[in-house]
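Heads up, the final residue of the sequence shown is numbered 208 in my numbering, and it's a clean run with no missing numbers.
Virtual Cβ for every residue (Gly too), placed ideally from N, Cα, C.
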Amino acid sequence: MPKLSPLRLETRRQAILEAAERAFARDGFHGTSMQAICREAGISPGTLYLYFPSKVALIAGLCERDRHEIRDALTHVEVAADILGALEEMLIHYACIEPQERRALIFEIGAEAQRNPDVAKIMVETDAFFSTLIRDTILKAIADGRLIAHGTVEAIIALLFALGDGIMWRATIRPELDNRAIITQIFKLLRDKLLSSTVDTNVS
5 MPKLSPLRLE TRRQAILEAA ERAFARDGFH GTSMQAICRE AGISPGTLYL
55 YFPSKVALIA GLCERDRHEI RDALTHVEVA ADILGALEEM LIHYACIEPQ
105 ERRALIFEIG AEAQRNPDVA KIMVETDAFF STLIRDTILK AIADGRLIAH
155 GTVEAIIALL FALGDGIMWR ATIRPELDNR AIITQIFKLL RDKLLSSTVD
205 TNVS
């Protein structure tokens, strides 16, 4: 096998993950074989196993990819003039703009986590990673005076997590709804009642 550059290796790895994502979202974790992923990716079994030895390894790779993406997205949120506006746009992106298969896969993996302890461990670690990043971003903005909490800070953060999970679920099972408008209305209520930005100017 000819030696590939690190860039080529990473490009191929990401292409395999994208193929697995499509297959898992379409046919489910158990309904998707490694052979099916090979067909989806247009590669041989030998190539697939060089990168990912199992379906659990593919899930770990997908979650690792998502952790990097969320970390990068929150880097932009942290420096935004309007933190709440940036969080709103971030949620709109993942709930309304990202391909439906990516949202569906979150819940497919969640269902598998109820049966498979290895997948459960990956999901718990990924959720803890996301939760810590978002929580730290909000707490820092409050400490810096860029956000004002109207109530118990930890309760507000817990509500934000619950709202985010709920919106993602509804956007997955009810994509025909105007989920962008729903998110906008929810963030208006947040600004009015719970968490206001010091740069808000009559947000409508």
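{"Asked": "From this set, F111, P10, R119, which residue's C-alpha is nearest D131's C-alpha?", "Found": "F111"}
{"Asked": "Name the two residues that bound the continuous beta strand (DSSP E) containing I171.", "Found": "That residue, I171, is in no beta strand (DSSP E); its alpha helix (DSSP H) goes 157-177."}
{"Asked": "State whether the segment 18-34 contacts the segment 45-60, with contact taken as three or more CB pairs (one from each stretch) at a distance under 8 Å.", "Found": "yes"}
{"Asked": "If we ignore side chains and look at the alpha-carbon of each, how far apart do D169 and V60 end up?", "Found": "23 Å"}
{"Asked": "Going by C-alpha to C-alpha distance, which of I74, E14, L199, R107 sits closest to A159?", "Found": "L199"}
{"Asked": "In three-state terms, what does DSSP make of S215?", "Found": "There is no way to answer for residue 215, as the model of the chain reaches only from 5 to 208."}
{"Asked": "Is it right to say T205 is buried, meaning 16 or more other beta carbons lie within 10 angstroms of its own, or is it exposed?", "Found": "Note that T205 scores a pLDDT of 46, beneath 50, so its modelled location is shaky; the value from the coordinates is reported in the next line. Classification for T205: exposed."}
{"Asked": "Suppose contacts are defined by Cβ-Cβ distances below 7 Å. Is I113 in contact with I171 by that definition?", "Found": "no"}
{"Asked": "Cα separation between L163 and G50?", "Found": "46 Å"}
{"Asked": "Closest to T141 by CA distance: which of E73, R17, E14, L91 is it?", "Found": "L91"}
{"Asked": "What residues are listed by DSSP as bridge partners for S200?", "Found": "I152"}
{"Asked": "So, is V81 buried or exposed, given that buried needs 16 or more other C-beta atoms within 10 angstroms?", "Found": "buried"}
{"Asked": "When we look at the beta-carbon of E116 and count the other beta-carbons within 10 Å, is it buried (16 or more) or exposed?", "Found": "buried"}
{"Asked": "Using C-beta distances below 7 Å, list every residue in its chain close to G32, excluding the 5 sequence neighbours before and after it, in chain order.", "Found": "E112"}
{"Asked": "DSSP state of V83, grouped into three classes?", "Found": "coil"}
{"Asked": "At the level of alpha carbons, what is the spacing between H154 and M127?", "Found": "32 Å"}
{"Asked": "Starting from F111 and walking both ways along the alpha helix (DSSP H), at which residues does that stretch end?", "Found": "104-117"}
{"Asked": "If we count the other Cβ atoms within 10 Å of its Cβ and call it buried at 16 or more, is S208 buried or exposed?", "Found": "Low local confidence applies: a pLDDT of 43 at S208 is under 50, so the model's placement there is unreliable, with the coordinate-based value given in what follows. Exposed: under 16 other Cβ atoms inside 10 Å."}
{"Asked": "Count the other CB atoms, across all protein chains shown, that sit within 10 Å of the CB of L13; report buried if there are 16 or more and exposed otherwise.", "Found": "exposed"}
{"Asked": "Does the distance from the C-beta atom of I87 to that of S9 stay below 7 Å?", "Found": "no"}
{"Asked": "Spatial neighbours of R139 within its chain, please: CB distance less than 8 Å, with the 5 preceding and 5 following residues excluded, ordered by chain position.", "Found": "I161"}
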